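Residue numbering for the sequence shown follows numbering that gives the first Met the number 0, starting at 0 and increasing by one per position.
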Amino acid sequence: MHTKICRAIALVLVLSLAGGAWAGLIAHWRLDEDSGTVAKDSSGNGNDGTLDGGPTVVQGQYGNALALANSRVIIPASDTLTADFFQEPFTLVAWINPARTGNTWQQVFRSVRADGTTNDTLFINNNGTLSWRGRVNTAWAGGMCETAADVVPANQWTHAAVVGNGTTFRIYVNGILSQESPFQRTDGMNVTYYIGGNPEAANESYTGMADDVAIFDHALTEREVQKAMAGIAPAELAADPHPEDEAVDVPRDVVLSWTAGEFAATHDVYFGPSFDDVNAANRASSMGVLVSQGQIATAYDPAGALGFETTYYWRVDEVNAAPDNTIFRGNVWSFTTESFAYAIGAVTAATNGISEAGAGPENTVNGSGLSAEDRHSVTSTDMWLARPPADEALYIQYEFDRIYKVHEMLVWNYNVQFELMLGFGIKDVTVEYSTDGADWVSLGDVQLNQATAAATYIYNTTVDLQGVAARFVRLTVNSGFGMLGQFGLSEVRFTHVPAHAREPQPADGATDMGVDATLGWRAGREAVTHEVIFGTDPDALVVIDAVAESSYDPGSLNLGTTYYWQVNEVNEAEAISVWQGDLWSFSTQQFIVVDDFESYTDNIEAGEAIFDTWIDGWVNN
């Protein structure tokens, strides 16, 4: 509980400082209007556009969109979308659905200067290339950042983002980095911006659909671009849910959090396992899912641990302050909690049996013959079949990559087409386990079910391995379903309860981390405390602290240094009191940027000269 409280407090502090749902959002044209000639700016900055040339309203990626063909949206420069906007860090995002016909180069977004010359422009070529271009030192700079061909298909919605951070241009396609190039500072002095191209360049007008176009006054990270791709919520709505919408494998002790809507004074939280209830509930009819009404914090901690492998739905309605107390109904988000047990991935198999070529024990752990629905084939070379050695019982033995808290073994028995007559499947086995492959402990005898001899066969035996700590499991054959003296299996799968620390932050092998980095990890299922091992010499690491929560602040780190760390999960009440963690590492940044001197200009009137910031003590009066 202490961990959850600390986590909730941290989330409240961070999110309360975050301000509106999308910081630095300068303009957002949803293009959702059903009629009229105004494309409203949803950012609240008043950068409304005017429809020109008769664009058509169509179904878009989110709500409505505009179909453009020699038509456009015209947006004048403003106090926020300034004439020199694209000289500084920026992000432009848009959903586009191009026809990829007509003009070779087409303007998705265009800037035009007072003298009529063109400037900052996002082009799409008929071959599916995206290109960011502009005017640098009065000359047209074609292809300042340009992707390969066919990154944008025809007649299909694609999310495009151009990001300039003052050092680099980056183009993202569907949230994935497609191209990066050195940043170039364009000439600025734009007076008009266009979605779809300016009318004076009709031979470059965009043909296709556009939706959800937005501009930010800073460089979004790749993760933020992906969030924008998922939809930019109206400023008045709760946004940025944690866990993310439709997240899976979410810890059962999760604390829900969000970024407050711009006008919210309080928040109503709806939460439960039924979408219909969460979607329909309100203050007048809570339907048992209005779990918090009028709370101030932007985090909610569900009571008790949530269920395993359960999908939960939640909604946050933002409530204005008095006197109007307007309620802005939020979107319904969902997430699915973690499984009780997980498949062990790295498994090798060995046997003392004698097999034909292609029918070795590896076939029981390599997925051969298994479909995506876990149905096994009837092909013999997808299975293991062996006869015992002389005067020795047949066994098959499995080894994992480490010691696990082993939960269950799922068994697909031998499944050839005539198995019900041949009886090659194994019937009775003795199950043993070991941590080192030398000393073995018996879990007793188990009877396996016979396969169905059909290609629709799904595992039909589950062996309880009782949560023992094991690296090896051995099955010794006592009998089969036939009398032919050969025995086989199709597939086995082992599951484990996650007892080790995992999912380190920083990620293992991360580079260029800040010197103020904090360590974090996903705790083992039964851990009460966590032993933190940390240092710069991987051969001389010692426990430096034991903490109750799954994070640790190592203090100020050194520049250009590689650190190694490990977390042992501890619970003295369990049979295995300590689960030793993996060794992880990360390295810190080589230097700290004091100032980016390339950002200064000779524009004294604008206060952009270097001596406006770096003052030598002498003032010219």
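Glycine included, C-beta positions come from ideal geometry on N, C-alpha and C.
The structure displayed is predicted, hence computed values, not measured ones.
Buried versus exposed, by CB contacts within 10 Å (16 or more), residue i
i	result
Ser441	exposed
Met382	buried
Arg492	buried
Gly196	buried
Pro240	buried
Met420	exposed
Pro360	buried
Asp538	exposed
Ile95	buried
Ile214	buried
Gly479	buried
Asn567	buried
Val541	exposed
Val150	buried
Spatially closest choice to residue i from the options, by CA coordinates
i	options	result
Gly163	Ala153, Pro388, Met143 and Ala263	Met143
Phe168	Thr103, Asp444, Thr90 and Ala200	Thr90
Glu243	Ile214, Thr258, Ala113 and Leu488	Thr258
Val377	Ala522, Asn202, Ser367 and Phe327	Ser367
Tyr397	Phe533, Tyr458 and Leu474	Leu474
Arg132	Thr561, Gly303, Val150 and Val107	Val107
Gln588	Pro553, Gly513 and Gly534	Gly513
Tyr456	Ala500, Gln446 and Leu409	Leu409
Asn154	Glu391, Asp78, Leu219 and Gly59	Gly59
Pro388	Asp149, Val476 and Thr517	Val476
Ala113	Thr166, Val151, Thr191 and Val56	Thr191
Met228	Thr157, Ala296 and Gly293	Thr157
Length of the line joining the Cα atoms of residue i and residue j
i	j	result
Val92	Val212	6 angstroms
Glu176	Ser284	Sequence inspection shows Leu at residue 176; the Glu mentioned does not correspond to that position. For Leu176 and Ser284, the distance between alpha carbons rounds to 46 angstroms.
Asn324	Val268	16 angstroms
Arg184	Asp83	10 angstroms
Ala246	Trp139	45 angstroms
Thr103	Glu203	7 angstroms
Ile4	Ile425	In this predicted model, Ile4 has a pLDDT of only 37, less than 50, meaning its place in the structure is not dependable; the value taken from the coordinates is given anyway. Computed Cα separation, rounded: 52 angstroms.
Met0	Gly534	Residue confidence for Met0 is low, a pLDDT of 41 falling below 50, so the modelled location carries little weight; the figure read from the coordinates is stated next. The straight-line gap from Cα to Cα measures roughly 29 angstroms.
Ala218	Glu317	28 angstroms
Gly127	Arg99	7 angstroms
Val634	Thr309	The structure shown does not extend to residue 634, since the chain spans only 0 to 620, so no value can be given for it.
Val315	Gln579	40 angstroms
Ala201	Arg71	11 angstroms
Arg282	Val331	16 angstroms
Ala279	Pro301	20 angstroms
Leu121	Phe85	12 angstroms
Gly357	Thr380	6 angstroms
Short Cβ contact (8 angstroms threshold) for residue i with residue j
i	j	result
Tyr193	Arg109	yes
Asn189	Val111	yes
Tyr61	Asp210	yes
Leu393	Gly436	no
Ala385	Gln485	yes
Asn136	Ser130	no
Tyr562	Phe585	yes
Val254	Trp313	no
Thr146	Gln178	yes
Phe262	Tyr311	no
Ser369	Glu490	Per the sequence shown, residue 369 should be read as Leu rather than Ser. Yes, they are a contact pair.
Leu464	Glu407	yes
Gly23	Asp216	yes
Pro503	Ala516	no
Rounded Cβ spacing between residue i and residue j (contact assumed at less than 8 angstroms)
i	j	result
Gly466	Val527	The Cβ separation is near 17 angstroms, so there is no contact.
Ala498	Arg524	6 angstroms
Val430	Gly443	7 angstroms
Gly481	Gly422	2 angstroms
His495	Ile343	5 angstroms
Gly207	Pro97	4 angstroms
Closer than 8 angstroms to chain C by CB, residue i
i	result
Thr265	Although the question refers to chain C, the structure presented lacks it and comprises just one protein chain.
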